[in-house]
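Numbering (the working numbering), first residue to last: 77 to 368.
Where is the CB? At the ideal position from N, CA and C, for every residue including glycine.
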Amino acid sequence: MPATMQRAVVCLASWLFMLPVVVTARPFVGGPPTVFPAPIVGSEGITFDRSGYLVVGTLTGDVRRIAPDGSASVLTNVGDALAGMTGLRDGRILACSYAAERVWQIQPDGTASILAAGIPGANFVVATRAGKIFVSSSTTGKIMEISTGIALDAATGLSFPNGLALGRDHHLYVAELLQNRIARLPIAADGTLGAAEVYATGTNFVDGIAFDRHENLLAVGGDALYIVEHTTRVTTTVPADPLLEWPSNLVFGQGHGFRRRDVFLVNYGLPLGSGTTILQLRGNHAGAKLER
């Protein structure tokens with residue numbers, strides 16, 4: 077090999093050595109996703125309640141509780157098309173209404189009331205263990221804080237903020253759909269949010285996000301499922317599967333007959349709102365707590 081070529085090879089090898097190592101993520105075991113046997117229509121939000129039931133909201137306003145065997149019952153109907161939702165330790169379920177610009181709270185007995193209104197494009201909601209409740213206002217590019225029932229600006233300047241998740245590092249993670257990325261904002265001791273920074277990219281049309289217990293971040297967007305590895309922040313696309321039909325949100329099992337390593341994805345469908353299935357996948361790790 078000529079000396080000039082040898083030097084070129086050495087330089088290229090040195091440059092490659094300096095690049096971060098990309099490790100192929102292995103987020104799921106046990107084969108491809110399967111359809112969970114629970115009939116739904118037009119569901120976007122999915123969560124678990126305190127008693128261990130899987131809960132979904134629908135475009136017709138139904139909030140449905142689903143048992144491990146797939147049998148379902150209607151907990152309540154709020155009259156609004158529902159988007160993202162989350163279950164709280166106190167037993168309440170919080171559910172966003174994107175079009176009606178408000179967040180509902182549903183008690184374990186099905187009693188529903190409006191927690192906060194005046195939230196344009198209310199899309200997803202999370203609550204911290206300290207009692208702060210944050211909701212994404214997608215059409216304004218804001219995160220709003222609604223703990224007292226009054227919607228207050230907590231962060232601005234985001235690009236269609238969608239799904240939210242709380243990290244163990246005291247940050248709020250935000251899916252920025254129009255930028256195909258995930259941002260994070262520090263949560264101060266008093267519950268205020270700091271400036272946003274980019275956490276991960278390569279998550280096209282990112283919608284729902286959720287952490288496993290090792291702080292790997294799972295995300296759904298378009299017809300894809302992604303995993304952002306905790307230590308490297310490398311985003312890997314999980315191999316495509318025809319059962320993925322524009323999933324909008326995902327949640328880990330919480331016990332009570334739902335394995336904690338299982339991940340449940342709700343297919344919103346395309347056209348949006350046409351989905352009829354929940355998918356179930358087996359993960360390597362259990363999910364993180366929703367309130368942190």
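Please check the pair residue i and residue j, which I expect to be a contact at CB under 8 Å, by giving their CB distance rounded to whole angstroms.
i	j	result
residue 140	residue 163	The pair is not a contact, with the Cβ atoms about 13 Å apart (cut-off 8 Å).
residue 253	residue 281	6 Å
residue 276	residue 257	6 Å
residue 260	residue 248	7 Å
Buried or exposed: residue i, going by 16 or more other Cβ atoms within 10 Å of its Cβ?
i	result
residue 354	buried
residue 130	buried
residue 331	exposed
residue 316	exposed
residue 137	buried
residue 168	buried
residue 214	buried
residue 206	exposed
residue 269	buried
residue 246	exposed
residue 99	Bear in mind that the predicted position of residue 99 carries a pLDDT of just 38, short of 50, making it unreliable; the figure below should be weighed with that in mind. Exposed is the call here.
residue 274	exposed
residue 228	exposed
residue 150	exposed
residue 307	exposed
residue 197	buried
residue 226	exposed
residue 189	exposed
residue 156	buried
residue 283	buried
Alpha carbon to alpha carbon, how far is residue j from residue i? Give it in angstroms, no decimals.
i	j	result
residue 179	residue 262	23 Å
residue 327	residue 234	24 Å
residue 123	residue 143	13 Å
residue 285	residue 296	7 Å
residue 154	residue 132	13 Å
residue 152	residue 265	36 Å
residue 244	residue 350	35 Å
residue 43	residue 199	This structure cannot speak to residue 43, because the chain is shown only from 77 to 368.
residue 333	residue 185	21 Å
residue 177	residue 236	15 Å
residue 202	residue 121	12 Å
residue 240	residue 187	25 Å
residue 147	residue 343	18 Å
residue 216	residue 194	11 Å
residue 108	residue 251	25 Å
residue 309	residue 340	23 Å
residue 172	residue 181	9 Å
Output needed for residue i: all residues of its chain with C-beta closer than 8 Å, excluding positions within five of it in sequence on either side, in chain order.
i	result
residue 365	none
residue 361	288, 289, 290, 292 and 337
residue 208	221, 223, 263 and 267
residue 345	118, 321, 322, 351 and 352
residue 303	101, 103, 292, 293, 294, 295, 311, 312 and 314
Once the 5 residues before and after residue i are set aside, which same chain residues still bring their CB inside 7 Å of it?
i	result
residue 165	126 and 367
Ordered along the chain, which non-local residues of its own chain (more than five positions away) have a Cβ less than 6 Å from that of residue i?
i	result
residue 115	none
residue 97	Unreliable placement is indicated for residue 97, whose pLDDT of 32 sits below 50; the coordinate value is still reported in the next sentence. Cβ neighbours of residue 97 beyond the five flanking positions: none.
residue 110	356
residue 134	118 and 119
residue 319	109 and 355
Contained beta strand (DSSP E) runs [length at least 3] in the region 103-131, N- to C-terminal order: 110-112 and 122-124
What are the complete beta strand (DSSP E) segments, minimum 3 residues, inside the region 127-206? 130-133, 138-142, 148-153, 161-163, 169-173, 178-182, 188-193 and 198-203
Where are the beta strand (DSSP E) runs, 3 residues long or more, that stay fully inside the region 264-349, in chain order? 273-277, 282-287, 293-297, 300-304, 311-313, 323-328 and 338-343
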